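Numbering (the UniProt record's numbering), first residue to last: 1 to 436.
Structure first, then comments.
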Ligand SMILES: *Cc1c(COP(=O)(O)O)cnc(C)c1O
């Protein structure tokens, strides 16, 4: 019999009771897409017709989006392509609770309009007492645009040539700043800039001096830059883009700048991302003097760069709640990671998977601390499993190393070890199926 004639009709499969229920939850478009994909497999002879509905069900995304959850086993703590910081359980709960109507901009006691995001800004101010005032934006790039527009439009931003940074995906901080109508006054050289270089450039046309933390590369050798403490003596406001969002010094990352130290050293404004080492949602943090923060907050552009209620909820819970997944990953004990890797590799080897535990080096990632190496441990698998792991549910992304696939446990919360093992076993089965 011609296989094509055995392909069930789309409407017949869509009538499957479980797919109907799924359609009520996810919407008909995604269900129809999954059915179409399953029927294509039947058409190709890769799937028995009576399995079309069940296969379509298994292909449905977990939510009404095409976004899929990923287990980050790359060993890169803040992975931009995987959504940067994973939110804490406290932050996730806060997001869900705020998703309906919420008092984000309403005072329930007086019945009047309230100050938007007051809880999140208060939490940030409490976390960094050195800041006289704080403000929140959509992300750190927005914080820089707001600072440049409010403080240096048609004026000059004095910046070292060693800090003209590209932040990723082709976005360059100098171009971002110039797009506001501020002019850049570059000083010093790529490797060395001195206080006198800044001093010579500062004048009546200066908006501010900008210091940018090179968060995705490190320079070594014949290099020198000027610390904020010295820049602050020059008389112009100092804006310090610290990038990664540490609020205080972190013992594991001694070279990474933090907001409290920067302010104490005399920075007038500090800007940072909330979704890097702070471990929160995408947002921009602005901390500084009452005067400078006030000028940013009152600028009309502030309205265009404001934070949405979901991010406000997640940020407040990140600041007030227990240690974030990123914080836990930073401080996880490497001996404990190796013990987990050995247990996982042992369990997988018992099931016939070619898995061994190995020590590795994890990284903070594009989110900061480019020179920091974090001792870690991984399960090493054959590279042939990489695709099946990436396309499984949940998707598992590891990293390729010396002809093998490493699943680095520093970025995997311990409670996900069982899911990780199950995903590897499913990927192995999938591979076998593919080889037949
Ligand atoms: C990441 C980063 C930015 C951009 O921050 P976003 O929150 O992604 O907009 C800007 N400056 C530095 C130094 C960074 O590390």
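Beta carbons are placed, not taken as given, at the ideal position from N, Cα and C, and that holds for glycine.
Quick caveat: nothing in here was measured; it's all calculated off a predicted structure.
Is the CB-CB distance between residue i and residue j below 8 angstroms?
i	j	result
residue 161	residue 189	yes
residue 381	residue 366	no
residue 310	residue 421	no
residue 156	residue 207	yes
residue 374	residue 142	no
residue 270	residue 262	yes
residue 319	residue 123	yes
residue 431	residue 384	yes
residue 274	residue 282	yes
residue 277	residue 127	no
residue 386	residue 94	no
residue 370	residue 218	yes
residue 30	residue 61	yes
residue 409	residue 372	no
residue 57	residue 22	yes
Leaving out the 5 sequence neighbours to the left and right, which residues in its chain are closer than 6 angstroms to residue i when beta-carbon positions are compared?
i	result
residue 243	213, 215, 368
residue 150	295, 296, 299
residue 267	228, 238, 240
residue 165	173, 212, 214
residue 27	64
residue 224	192
residue 13	35, 52, 53
residue 81	none
residue 257	213, 242
residue 402	none
residue 18	57
For residue i and residue j, which I take to be in contact (beta-carbon distance under 8 angstroms), what is that distance rounded to the nearest angstrom?
i	j	result
residue 379	residue 337	Incorrect: roughly 11 angstroms between the Cβ atoms, too far for contact.
residue 42	residue 7	5 angstroms
residue 104	residue 397	Not a contact, Cβ separation roughly 34 angstroms.
residue 67	residue 55	That pair is no contact at about 21 angstroms.
residue 153	residue 182	6 angstroms
residue 226	residue 184	Going by Cβ atoms, the distance from residue 226 to residue 184 rounds to 17 angstroms, so no, they are not a contact pair.
To which residues of the same chain is residue i closer than 8 angstroms at the C-beta, ignoring the five residues directly before and after it?
i	result
residue 301	145, 146, 149, 150
residue 414	340
residue 325	85, 86, 87, 88, 279, 413
residue 411	72, 73, 74, 75, 76, 77, 79, 329, 362
residue 209	157, 158, 159, 198, 202, 231, 234, 236, 237, 238, 239
residue 102	309, 313
residue 222	191, 192
residue 347	421
residue 33	none
residue 458	It is not possible to answer for residue 458, since the shown part of the chain is limited to 1 through 436.
residue 419	71, 394
residue 168	80, 216, 366
Once you ignore the five residues that flank residue i on each side, which residues in its own chain have a CB closer than 7 angstroms to its CB?
i	result
residue 79	72, 365
residue 15	none
residue 90	317, 321, 322
residue 342	357
residue 436	In this prediction, residue 436 has a pLDDT of 39, which is less than 50 and means its spatial position is unreliable; what the coordinates show is noted afterwards. Excluding positions up to five away in sequence, the list is empty.
residue 264	130
residue 163	211, 212, 214
residue 478	Since the first residue of the chain shown is 1 and the last is 436, residue 478 is not available in this structure.
residue 125	131, 134
residue 399	74, 75, 406, 408
residue 416	71
residue 245	272, 273, 274, 276, 277, 278, 285
residue 59	34, 37, 38
residue 307	117, 136, 137, 138, 283
Would you say residue i reaches chain C, if we count a Cβ-Cβ gap shorter than 8 angstroms as a contact?
i	result
residue 51	Judged by its chain identifiers, the structure shown contains no chain C, having just a single protein chain.
- Query: Got a list of residues with beta-carbon closer than 5 angstroms to any non-hydrogen atom of ligand 1, in chain order?
  - Reply: 139, 140, 141, 167, 213, 215, 241, 243, 273
- Taking contact to mean at least 3 C-beta pairs separated by less than 8 angstroms, is the stretch 328-346 in contact with the stretch 104-123? no
- Item | At least three beta-carbon pairs within less than 8 angstroms, the stretch 421-435 to the stretch 390-399 | yes
- How about the stretch 135-143 and the stretch 275-290: do they share at least three Cβ pairs that are nearer than 8 angstroms? yes
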